[in-house]
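Enquirer: Take a look at the following structure, please.
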Amino acid sequence: MPEAPSHEITFAQAVREGFEQAMEQDQNVIVIGEGVPDPKAIFTTTSGLREKFGHRRVFDMPLSENGLTGVCIGAALQGIRPVLVHQRIDFALLSMDQLVNNAAKWHYMFDGKASVPLVVRMIVGRGWGQGPQHSQSLQSMFAQVPGMKVVMPTTGYDAKGMLIAAIKDDNPVLIIEHRWLHQIKDVVPLGPYDAPLHKAKVLHEGSDVTVAAFSYMTVEALVAAKALLSTMGVSIEVIDMRSVRPLDTETVLSSVKKTGRLIVADTAFRTGSIAGEVIAQIVEKGFNALKAKPVRIASPDFPAPTSQYMSEHYYPDARTIAEAVIDLVEGPRSTGGYAQLKIDIHPRGRHDTPNQEFTGPF
Amino acid sequence: MTDTSPSQLFRSMLRIRRIEEALAERYTEQEMRCPMHLCIGQEAIAVGVCASLKREDLVYSNHRAHGHYLAKGGNLNAMIAELYGRASGCCGGRGGSMHMIDMDVGFMGATPIVGGTVPLAVGTAWACALKDTGQVTVVFFGDGCFEEGVVHESLNFAALHRLPILFVCENNNFSVYTRREERQPDRPIHLLAGAHGITAYSGNGNDVQEVLNASRRAVESIRSGHGPQFLEFHTYRWREHCGPNFDDQLGYRSKQEIEAGMNDCPIANYVEKINFKNTSITQQEAEIRAEITAAFEFALSSQTPTIKDAEGKVYA
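Protein chains in written order, with full-length UniProt numbering: chain A, 1 to 362; chain B, 1 to 316.
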């Protein structure tokens, strides 16, 4: 099959392109959220949509997260396909009642008589002093409830394809985007396409350790993978989990059968994180394939502080992953290779900005 | 056109009353194993409001939904079967009394989180406006709703976009067993809606003709593009908050108050007002009784679902 024509654009541009094409394809698609049509346009992901599709389809909203979530559910029940945007995932907590009690349950509790084709985009706002209420990764809270799909695209390709697929899906789909992915580039097909909402993807093949990563942690895992291979000859397989519910642990299990070692890198708080769920499932399904104890890499169990002096070392990164890999393979730390690795993965720039070792494309 | 003749209004109220009385009677058999909130004493609001609507208009309700469901034309067999947890119930047994739905007659759904369906109704009205369908959406809720933030968020949005929605507040003065005086300052509920820029009216919810007249005016105004309307109707709940019984013994309301409430019966009031003939009443009673008996037979002879049925339909 010939390759579809594509271009190299950022994650943010890919989201914007996905919106434009989904809205062209279906008149019932509506975009609503605090700041959607404002000059900053949700980190440029919604720029120009109001100019192109008009006031009826591109909306700002009153500061009423729960009410407007319910309004979008009611509109979805009547054939509209709303996309609700929360500029910070932390504000989505205000809409938890409507998401959990209504959006996730409507199809089930009314015996499949109606469904809620709602998309909610939630953005994780890590970095540069975002602090305790502007930088949380709450995917496991949302994913705990049956009836909602929860996805976390990492690549520009998935950002566009998953948005289009989510809009077409008849269920409520939450898209959790990490702010630090927005400027990373990827090769993205020009036309509209669907990316799966239920499937993990191997982004870097390897044979020694499996690293199953969520969202931005995939970027850190790729940086670690490249450096580990070139400096110490340790080969890690990086899986971009992409979806939180449903959780594709089959892809992880196949990889663990090959490597025998598992690290799960999550952006969330450690306790109750989805990383723990991945490990639980792999232990249940593939205990005998494991040569070593699985490892969880996640944020510490205290809120993210604002001060740059306190936030340094708060978040795990490529270094955390690389050290965990070396522990698992019982690799040497006295060699020149290890010294070089430490140089290669030492962050350039400040700790509260995205990793400059990888700017794309994937 | 909806039949709004006196005999039809009377029949519709009587039917709701008799169905709920039959439910109360059978509830003690422990076969309907779900919380049940009866609307006995409040029938005039459901009947008067729904009589002002067309079949294609849309209705949402709350935990006390039987009257609204029946008044909008909801299927009785499916309702009783739902209470018995049978596969033929309107939610296939997944919902029980607090989750009524009959989309064939525009009854969009009812749920028990107080205020939860109010934004959904607004969203449905919003969709109807966007698609220019001409449908009016109605949402029923109680006085307790006015303590929920989501209701004010919904009123704000509906007023802002002048949506085709009718808000109907059934003010029975109780949230479970707590009086409104303990929950809200002394101010009329409908004025809160007015403060959101919505035309609001307050009236006697035990007078079906008054309810119908007010609803007709409101629905006509909505249809001519004047935006949302709000109706507050005062009424009285005869039985306990949840369950089939009277609850005089709890002591949260006085005997005199209960008697006064029951003396203001919307059905007896109406019979007196329209001077209905006894023979006609007897005939309607007999027809309704036969319908109820058949509905219970349908429910009890319907298939019982299993855990296998429960696993499905999580995703569309």
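Glycine included, each C-beta is placed from N, C-alpha and C at the ideal position.
In terms of alpha-carbon separation, which member of A:R333, A:S115, A:F214, A:H107 lies closest to A:T155?
Expert: Per the Cα distances, A:F214.
Enquirer: Quick one, which residues of the segment 51-62 of chain A are near chain B if we go by CB-CB under 9 angstroms, in chain order?
Expert: Within the segment 51-62 of chain A, the residues whose Cβ lies closer than 9 angstroms to some Cβ of chain B are R56, R57, M61, P62, listed in chain order.
Enquirer: Tell me which residues of the segment 92-107 of chain A have at least one Cβ-Cβ distance to chain B shorter than 8 angstroms, keeping chain order.
Expert: So the close ones are D97, Q98, N101, N102, W106, H107.
Enquirer: Out of B:M103, B:R187, B:K72, state which residue places its alpha-carbon closest to the alpha-carbon of B:E43.
Expert: It is B:K72 whose Cα lies nearest to the Cα of B:E43.
Enquirer: So A:L341 packs on A:L228, CB below 8 angstroms; how close in whole Å?
Expert: Rounded, the Cβ-Cβ distance is 7 angstroms, consistent with contact.
Enquirer: Contact criterion: CB-CB distance below 8 angstroms. Does A:G70 meet it with respect to chain B?
Expert: Yes, contact with chain B.
Enquirer: For a test of the three-state rule: what should DSSP assign to B:E31, helix, strand or coil?
Expert: In the structure shown, B:E31 sits in coil (DSSP, three-state: anything other than H, G, I, E or B).
Enquirer: Residues of chain B with CB under 9 angstroms from A:G112, in chain order?
Expert: Those are G92, G312, K313, A316, listed as they occur along chain B.
Enquirer: Going straight from the alpha carbon of B:S5 to that of A:Q21, what length do you get?
Expert: In a straight line, the C-alpha of B:S5 is about 53 angstroms away from that of A:Q21.
Enquirer: Measuring alpha carbon to alpha carbon, tell me which residue in A:Y157, A:Q139, A:G127 is nearest residue 401 of chain A.
Expert: Outside the shown range of chain A (1 to 362) lies residue 401 of chain A, about which nothing can therefore be said.
Enquirer: In whole angstroms, what separates the C-alpha of A:R57 from that of B:F157?
Expert: A:R57 and B:F157: Cα-Cα distance of roughly 16 angstroms.
Enquirer: Go through its chain and collect everything with a Cβ distance to A:R270's Cβ below 7 angstroms, but skip five positions before and after it.
Expert: Excluding positions up to five away in sequence, the list reads R296, A298, S299, P300, D301.
Enquirer: At a CB-CB cut-off below 9 angstroms, which residues of chain A make contact with B:S302?
Expert: Going along chain A, no residue has its Cβ under 9 angstroms from B:S302, so there is no contact; the nearest lies around 14 angstroms.
Enquirer: May I have the straight-line CA-CA distance separating A:A324 from B:G312, to the nearest angstrom?
Expert: Cα to Cα, the separation comes out at about 41 angstroms.
Enquirer: Would you decide whether B:H37 is buried or exposed? Buried here means 16 or more other CB atoms lie within 10 Å of its CB.
Expert: Flag for B:H37 reads buried.
Enquirer: For A:V173, which residues in the same chain have their Cβ closer than 7 angstroms to its Cβ, ignoring the five residues on either side in sequence?
Expert: Excluding residues within five positions, the ones whose Cβ falls inside 7 angstroms are V119, K149, V151, A166, L197.
Enquirer: Would B:E147 pass as an interface residue toward chain A - the criterion being a Cβ-Cβ separation below 8 angstroms?
Expert: No, its Cβ sits nowhere closer than 8 angstroms to a Cβ of chain A.
Enquirer: Are A:L63 and B:M108 touching if we call contact CB-CB under 8 angstroms?
Expert: Cβ distance not < 8 angstroms, so A:L63 and B:M108 don't count as in contact.
Enquirer: For A:D170, decide whether its Cβ has a neighbour in chain B, counting only Cβ atoms nearer than 8 angstroms.
Expert: Yes, A:D170 lies at the interface with chain B (some Cβ there is under 8 angstroms from its Cβ).
Enquirer: Going along chain A in order, which residues have a C-beta closer than 7 angstroms to the C-beta of B:N156?
Expert: Simply P62, S64.
Enquirer: Please report the residue range of the alpha helix (DSSP H) in which A:E51 lies.
Expert: Where A:E51 is concerned, the enclosing alpha helix (DSSP H) stretches over 49-53.
Enquirer: Does DSSP put A:P132 in a helix, in a strand, or in coil?
Expert: Correct three-state label for A:P132: coil.
Enquirer: Confirm, please, whether the CB-CB distance from A:P132 to A:A304 is below 8 angstroms.
Expert: Yes, these two residues count as a Cβ contact at 8 angstroms.
Enquirer: So, A:T251 versus A:A200, is the Cβ gap smaller than 8 angstroms?
Expert: In contact: A:T251 and A:A200 (Cβ atoms closer than 8 angstroms).
Enquirer: Based on the DSSP secondary-structure assignment, which residues constitute the bridge partners of residue 318 of chain B?
Expert: For residue 318 of chain B there is no data in the structure shown, the boundaries of chain B being 1 and 316.
Enquirer: Counting only runs that start and end within the segment 290-315 of chain B, where is the alpha helix (DSSP H) found for 4 or more residues in a row?
Expert: Whole alpha helix (DSSP H) segments, 4+ residues: 307-311.
Enquirer: Hey, A:N171 and B:Y315: beta-carbon distance below 8 angstroms or not?
Expert: Their beta carbons are under 8 angstroms apart, which means A:N171 touches B:Y315 by this criterion.
Enquirer: Quick one: residues in its chain with C-beta nearer than 6 angstroms to the C-beta of residue 327 of chain B, no 5 flanking neighbours on either side, listed in chain order?
Expert: There is no way to answer for residue 327 of chain B, as the model of chain B reaches only from 1 to 316.
Enquirer: If you compare alpha carbons, which of A:E17, A:F11, A:V219, A:E8 is closest to A:Y193?
Expert: Nearest of A:E17, A:F11, A:V219, A:E8 to A:Y193, Cα basis: A:E17.
Enquirer: To the nearest angstrom, report how far apart A:F53 and A:V29 are at their CA atoms.
Expert: For A:F53 and A:V29, the distance between alpha carbons rounds to 10 angstroms.
Enquirer: Is A:P196 close to chain B, meaning its C-beta is less than 8 angstroms from at least one C-beta of that chain?
Expert: Judged by the 8 angstroms Cβ criterion, A:P196 is not in contact with chain B.
Enquirer: Just to make sure I have the definition right: I need the residues of chain B whose C-beta is within less than 7 angstroms of the C-beta of A:I80. Which are they?
Expert: Within chain B, the residues near A:I80 are A127, L130.
Enquirer: At what residue ranges does the segment 207-280 of chain A contain a whole run of the beta strand (DSSP E), taking only runs of 3 or more?
Expert: Within the segment 207-280 of chain A, the complete beta strand (DSSP E) runs of at least 3 residues are 209-213, 236-240, 243-245, 262-269.
Enquirer: Between B:V150 and chain A, is there a C-beta pair that is closer than 8 angstroms?
Expert: Cβ-Cβ to chain A under 8 angstroms: yes for B:V150.
Enquirer: Contact check, B:E147 vs B:R183 under 8 angstroms by CB: the rounded distance?
Expert: Indeed, because the Cβ distance is near 6 angstroms, the residues count as touching under 8 angstroms.
Enquirer: Are any of the Cβ atoms in chain B nearer than 8 angstroms to that of A:D243?
Expert: Note that residue 243 of chain A corresponds to Ser in the displayed sequence, not to Asp. No, because no Cβ of chain B sits closer than 8 angstroms to the Cβ of A:S243.
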